[in-house]
Amino acid sequence: MENYYGIGIMSGTSLDGLDLAYCMFSNSDGKWSFSIEIAETIPYSDSWREKLLTLHMASPAEIENADLALGEYIGLKVRDFMKNNRLKADFVASHGHTVLHKPEEKLTLQIGDGKRIAGHCGIPVVNDFRSSDVAMGGQGAPLVPIGDRFLFAEFEYCLNLGGIANISFEDDGNRIAFDISPANMVLNHLAAQANKPYDDKGAMAAKGELVQEMLEQLEGLPYYKMTGPRSLGREWVEEHIFPLLNDYRNHSIPDLLATFSEHIALRLAAVLNRKGSRMLVTGGGAYNEHLISRMKHHCDVDIILPEKKIIDYKEAMVFAFLGLLRLKKINNVLGSVTGAPEDHCAGVIFRSGK
Numbered sequence: 049m050e051n052y053y054g055i056g057i058m059s060g061t062s063l064d065g066l067d068l069a070y071c072m073f074s075n076s077d078g079k080w081s082f083s084i085e086i087a088e089t090i091p092y093s094d095s096w097r098e099k100l101l102t103l104h105m106a107s108p109a110e111i112e113n114a115d116l117a118l119g120e121y122i123g124l125k126v127r128d129f130m131k132n133n134r135l136k137a138d139f140v141a142s143h144g145h146t147v148l149h150k151p152e153e154k155l156t157l158q159i160g161d162g163k164r165i166a167g168h169c170g171i172p173v174v175n176d177f178r179s180s181d182v183a184m185g186g187q188g189a190p191l192v193p194i195g196d197r198f199l200f201a202e203f204e205y206c207l208n209l210g211g212i213a214n215i216s217f218e219d220d221g222n223r224i225a226f227d228i229s230p231a232n233m234v235l236n237h238l239a240a241q242a243n244k245p246y247d248d249k250g251a252m253a254a255k256g257e258l259v260q261e262m263l264e265q266l267e268g269l270p271y272y273k274m275t276g277p278r279s280l281g282r283e284w285v286e287e288h289i290f291p292l293l294n295d296y297r298n299h300s301i302p303d304l305l306a307t308f309s310e311h312i313a314l315r316l317a318a319v320l321n322r323k324g325s326r327m328l329v330t331g332g333g334a335y336n337e338h339l340i341s342r343m344k345h346h347c348d349v350d351i352i353l354p355e356k357k358i359i360d361y362k363e364a365m366v367f368a369f370l371g372l373l374r375l376k377k378i379n380n381v382l383g384s385v386t387g388a389p390e391d392h393c394a395g396v397i398f399r400s401g402k
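One point on numbering: in the working numbering, the residue at position 190 of the sequence shown is 238, and numbering is uninterrupted.
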């Protein structure tokens, strides 16, 4: 049995902070297993959060500077993480932070310069996992489903409730995955209008009433009529969701939260077709008790909430796995998921020279 130790890094669209997960992977007779040994989230400062929130509107020079600065920041945080916990890792894999994602224009950009990270860590760093897939005509997303296939095969469905809600499952031997709808990106946006970083346990939404006309408009958005590989980004949310919410600003924040939570649950129910199946739920939205209750109401599946480490750090762990596969030159992107013409091995490797 071979064991590999790596650090996965995730910076998601919900802007909670930087997730670091020190993971061990084993391969026995072609079967992969994992454990998340140590993990932590480093919250973004207000200045970093504001910068990342508006960076997609910045000039090329500002984006380049942010790329270098975030790489420096991540590198220092990983170095401290390793030192403070006395960790020995074989590699680091960083998703980076998405600034732009327009696969229909063959554009995607994740910042967090890999050379800067490698310079501070002293071990190989893998990043830039999406751009090659987009160049091939794929969506560049989602990438986590290869981890679902190899590390969570006991579940019929794997649902991640992050900034975007996405799902993956097997269908006739192919892994299928796509973004279902926005999730925490919108819920946190609404909570911020009530001076809260998020709706804790969905408590505000639980007090709200449905705005039926708004719900019908959400359900009628053209994205939800699409089939095949598809993905969402902040640009789509800002163009299609935020203006719609603004049209209903005369309603209370709890009402808007309740309505959007219902929308997420209905969108999920629309894609599930295996009654009685087991569905693993991870991501920050797994702690939203109101949202989970609405999902249970609409969806005829067994919803499984795993241990806290997996809820919080599954994506960071899977990016460590993607980095390991890249270093071993094993395909880590599934064409059946992204829409690329074939499975392939993605990611750019940086070495520190130390």
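Every residue, glycine too, gets a C-beta built ideally from N, C-alpha and C.
- A direct Cα-Cα distance of roughly 35 Å separates L266 from H392.
- Going by beta carbons, D161 and L116 fall inside the 9 Å limit.
- Only exposed fits E112, as fewer than 16 other CB atoms lie within 10 angstroms of its CB.
- Unbroken alpha helix (DSSP H) stretches of 4 residues or longer found wholly inside the region 65-116: 94-102, given in chain order.
- In the structure shown, A213 adopts extended strand secondary structure according to DSSP, grouped into three states.
- In the displayed model, I194 falls within a helix according to three-state DSSP.
- With fewer than 16 neighbouring CB atoms inside 10 Å of its own CB, S81 falls in the exposed class.
- Per DSSP, L353 lies in no beta strand (DSSP E) and is assigned neither H nor E.
- In chain order, S216, R223, A225, L382 and V385 place their CB closer than 7 Å to the CB of P193, counting only its own chain and leaving out the 5 sequence neighbours on each side.
- A distance below 6 Å between beta-carbons, with the five flanking residues on each side excluded, links I86 to the following residues of its chain, in chain order: Y70 and N133.
- Cα atoms of G332 and S341: separation of roughly 15 Å, rounded to the nearest angstrom.
- DSSP places K273 in no alpha helix (DSSP H); its state is neither H nor E.
- A Cβ-Cβ distance of about 6 Å is found for the pair A334 and L353, placing them in contact under the 8 Å criterion.
- Cβ neighbours of Y272 within its own chain (closer than 7 Å, five residues either side excluded): R315.
- The C-beta distance from P190 to D220 rounds to 19 Å, too long to meet the 8 Å contact threshold.
- One alpha carbon belongs to E88, the other to R399, and they sit about 24 Å apart.
- Relative to the Cα of H149, the nearest Cα in the group H143, Q158, S142 and A141 belongs to Q158.
- Below 8 Å, too few C-beta pairs join the region 353-363 and the region 251-260 to call them touching: fewer than three.
- In this structure, N232 sits away from L199, with a CB-CB distance that is not shorter than 9 Å.
- In the pairwise beta carbon analysis, the region 171-181 is classified as touching the region 373-382: at least three pairs are separated by under 8 Å.
- For A313, the enclosing alpha helix (DSSP H) begins and ends at I301 to V319.
- M327 counts as buried, since at least 16 other C-beta atoms from the protein chains shown sit within 10 angstroms of its C-beta.
- Here P230 is buried, its C-beta having at least 16 other C-beta atoms within 10 Å.
- The C-alpha of D138 lies about 37 Å from the C-alpha of M105.
- With 16 or more neighbouring CB atoms inside 10 Å of its own CB, D196 falls in the buried class.
- Bounds of the alpha helix (DSSP H) holding S341 are E337 to H346.
- For I312 and G281, the gap between their C-alpha atoms comes out near 16 Å.
- If only uninterrupted alpha helix (DSSP H) runs of at least 4 residues are considered, those enclosed by the region 223-259 are 232-240 and 251-255.
- For H168, the enclosing alpha helix (DSSP H) has its first and last residue at G162 to C169.
- With 16 or more other Cβ atoms inside 10 Å of its own Cβ, T156 counts as buried.
- Per DSSP, the unbroken alpha helix (DSSP H) holding T386 starts and ends at G383 to T386.
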